[in-house]
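Chemist: Could you have a look at this structure, given as structure tokens, before my questions?
In my numbering, the protein residues as written are 553 to 1134.
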């Protein structure tokens, strides 16, 4: 019995181990699925970060373009301002100078205009060179951006390939794990078959099988058993197929996304190339326009140059005539030929020198374009500026002195005007103060008279009240004499009490009257003040009209009567604005 029990226990343990292994496999599969989901989320986050980086790079490029445009605009505005200043200075010079120097000034102005035109041409050439350099830089940046994009695409493709390889490796690992589990089961079955020993053991085995069947039935009812394992094996295979299908779908989706991104990138690159082409074409058109302007200016300057050449030729002829007059023997014979040959040689030398200079300039420009050195350009610009400063230093000094003198004159005139204004204001203030003082004095005199009259009236009223009280007392005394003594005494007491009460009431009334008088005086004072103001305003208007009549001016555009009416209308009403005429 011990042997049978031990075999049954072993079988049960083996079955439990199998079930545990199956649960572990399921847990591993769930963990793998979770890992896959996490990887997908990480990939999506990486894609979003890449898109954000691309947007930031685009914003930076836009900022660079805006800064360049701002610098160009500022340079253009500065040049325009310089030209305007120069023109203003020339106009001032012309006004100040006399007619005698007009011819000399015209020649000098022509020379200055030529110099300015040359400078403008040089500036335009410099601008063109700068624009060409900027275009080259932009093209280089565009090429670098394209190379970066290509590198990024290659990196993305490599990452995709690596991800696919990793996925395949993970699938192979999973298959191997499942195969290992199946091999263990087969080995256990073989071991069980080999354990059969004799008839008794076979009977025991049959009994065990029956028990196992019963257990199976119970387990099936409960949801356990080997049949379920078989089902699970089939279900696992189906699930594997489903997973494979899902992975294929995911791969297809990713490929589609990549293709869409590539299409978007291509479209954006094509649009950028179109914009660049348009920008290049616009720049070329602008260059052509500038070149045309230069040609027109040069044609306009041709007349001046011809005039100068004529003058030079005339000078040469005069010098030749002088030399002929002074010449002796040999000079007369050979002087002409030698002079002509010398002049030819000098002309050739000058031409060669000019040609050499031109070649040097061309070489320098080529070096600048090839090497992109800005230090050389800055040094040359400084040398040219020094030359210009030497030429124009004297003229600027004279112009500055003239401007300073004009500014000083303006300041003197302004100071004189301000002093005159201040004097006028002071006079007006003095007149107003005098008028106000007179008005105050008149008001004070009137107020004193009115106050004295009011006090006299109050005193008369008080005297009348006292007389009436005396009369009342006399009447009461006469009535008392006719009555009895007792009644008289009672009445006397009552009368005394009444008198005391009346005295108290009179005192209170006096106090109340004083307050009322004070209050009445305040109200009357306000009304009187308003009357006084009206009187004073009328007096002021009359005084002003009298003064104007004395001067003989009258109102502007009106007669005397109409002027008065207009003034009085404006000053009617109440409030603060009645004096100002509001």
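We put the CB at the ideal spot given by N, CA and C, even for glycine.
Which same chain residues, not among the five before or five after residue 592, have their C-beta less than 8 Å away from its C-beta?
Modeler: 802, listed in sequence order.
Chemist: Among residues of its own chain, excluding the 5 on either side of residue 648, which ones have a beta-carbon nearer than 8 Å to its beta-carbon?
Modeler: So the qualifying residues of the chain are 954.
Chemist: Please report the Cβ distance between residue 1047 and residue 1026, rounded to the nearest whole angstrom; I am assuming they are in contact, meaning their Cβ atoms lie under 8 Å.
Modeler: About 13 Å separates the two Cβ atoms, so there is no contact after all.
Chemist: Thinking C-beta only, is residue 842 closer than 7 Å to residue 676?
Modeler: The answer is yes: Cβ separation under 7 Å.
Chemist: Quick test of the definition: if touching needs 3 or more C-beta pairs under 8 Å, does the stretch 1078-1094 touch the stretch 988-1003?
Modeler: Yes, they touch.
Chemist: I believe residue 856 touches residue 662 by the beta-carbon criterion, under 8 Å. Please report the beta-carbon distance rounded to the nearest angstrom.
Modeler: Indeed, because the Cβ distance is near 6 Å, the residues count as touching under 8 Å.
Chemist: Between 809, 871, 877, which lies nearest to residue 895 when the distance is taken from Cα to Cα?
Modeler: For residue 895, the nearest C-alpha among the options comes from 871.
Chemist: Measuring CA to CA, which of 707, 981, 694 is closest to residue 828?
Modeler: Taking only the C-alpha atoms, the option nearest residue 828 is 694.
Chemist: When you compare the CB positions of residue 638 and residue 951, do they come within less than 7 Å of one another, or not?
Modeler: Taking 7 Å as the Cβ cut-off, residue 638 and residue 951 do not qualify as a contacting pair.
Chemist: Whole angstroms are fine: how far does the CA of residue 673 sit from the CA of residue 679?
Modeler: Rounded to the nearest angstrom, the two C-alpha atoms are 10 Å apart.
Chemist: For residue 1120, does the three-state DSSP call read helix, strand or coil?
Modeler: Bear in mind that a pLDDT of 46 at residue 1120, under 50, signals an unreliable position, so the number given afterwards is only what the model happens to contain. Helix at residue 1120.
Chemist: With three or more C-beta pairs closer than 8 Å as the rule, is the stretch 708-721 touching the stretch 610-619?
Modeler: Not touching, per the Cβ criterion.
Chemist: Excluding five sequence neighbours on each side, which residues of the same chain lie with their C-beta closer than 7 Å to the C-beta of residue 858?
Modeler: No residues qualify anywhere along the chain.
Chemist: What is the rounded straight-line gap between the Cα of residue 969 and the Cα of residue 986?
Modeler: Those two C-alpha atoms are separated by around 26 Å.
Chemist: Between the C-alpha atoms of residue 1056 and residue 1050, what's the straight-line distance to the nearest angstrom?
Modeler: Computed Cα separation, rounded: 10 Å.
Chemist: I need the straight-line Cα distance from residue 753 to residue 566, nearest angstrom please.
Modeler: Distance between the alpha carbons of residue 753 and residue 566: 20 Å.
Chemist: Measuring only the C-alpha atoms, how far is residue 767 from residue 759?
Modeler: Each residue's alpha carbon lies about 12 Å from the other.
Chemist: Between the Cα of residue 833 and the Cα atoms of 1014, 962, 687, which residue gives the shortest distance?
Modeler: Checking every option, the nearest Cα to that of residue 833 belongs to 687.
Chemist: Report yes or no: do the stretch 577-589 and the stretch 718-729 share at least 3 C-beta pairs separated by less than 8 Å?
Modeler: The stretch 577-589, when compared against the stretch 718-729, does touch it at the 8 Å Cβ threshold.
Chemist: Whose C-alpha, out of 588, 964, 998, 1022, is nearest the C-alpha of residue 545?
Modeler: Residue 545 lies beyond the stretch modelled for the chain, which goes from 553 to 1134, so this question has no answer here.
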